[in-house]
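A short worksheet on the structure shown next.
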Amino acid sequence: MNTQPELPHPPLEALSLSQVLFALSDPARREIARNLREGPLEAAACSAVAADVPKSTKSHILKVLRESGVIRNEPNPNGRGRLLTLRRDDLEARFPGLIDPILDADLRDS
Numbered sequence: 001m002n003t004q005p006e007l008p009h010p011p012l013e014a015l016s017l018s019q020v021l022f023a024l025s026d027p028a029r030r031e032i033a034r035n036l037r038e039g040p041l042e043a044a045a046c047s048a049v050a051a052d053v054p055k056s057t058k059s060h061i062l063k064v065l066r067e068s069g070v071i072r073n074e075p076n077p078n079g080r081g082r083l084l085t086l087r088r089d090d091l092e093a094r095f096p097g098l099i100d101p102i103l104d105a106d107l108r109d110s
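Taking the UniProt record's numbering, I'd label the letters of the sequence shown as residues 1 to 110.
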């Protein structure tokens with residue numbers, strides 16, 4: 001039995017362009033979103049944030065992404081922990097063509 005709490009996620013119609021852009025303005029948050037394009041990841045296994053980053057900082061990063069509507073952070077149905085997913089369909093529906101250029105910007109600059 002999974003006792004992980006459900007966290008609030010903004011509905012599609014409440015997604016705000018300024019909040020999404022703010023969430024993706026940070027390189028660590030952008031890297032997590034980029035990694036989630038490949039598919040869901042367990043929060044504990046998310047390697048986008050360096051191992052020496054405090055747990056509280058990683059939690060804050062995930063909270064900003066979740067509250068802006070960029071990701072979902074839900075109890076893992078297959079076990080313990082939490083499962084992270086990119087809200088690609090919601091972001092595309094609300095802001096067509098926005099997510100990929102933002103996530104790819106760092107890749108073009110390097």
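The C-beta atom is built at its ideal place from N, Cα and C for all residues, glycine as well.
- A residue is called buried when at least 16 other Cβ atoms come within 10 angstroms of its Cβ; Leu91 meets this threshold and is buried.
- Within the DSSP secondary-structure output, Thr85 pairs in a beta bridge with Arg72.
- Burial state of Asn73 is buried, judged by a 10 Å Cβ sphere holding 16 or more other Cβ atoms.
- DSSP places Glu13 in the helix class (H, G or I) of the three-state scheme.
- Within the same chain, and ignoring the five residues on either side of Gly81 in sequence, the residues whose Cβ sits closer than 7 angstroms to its Cβ are Glu42, Ala43, Ala44.
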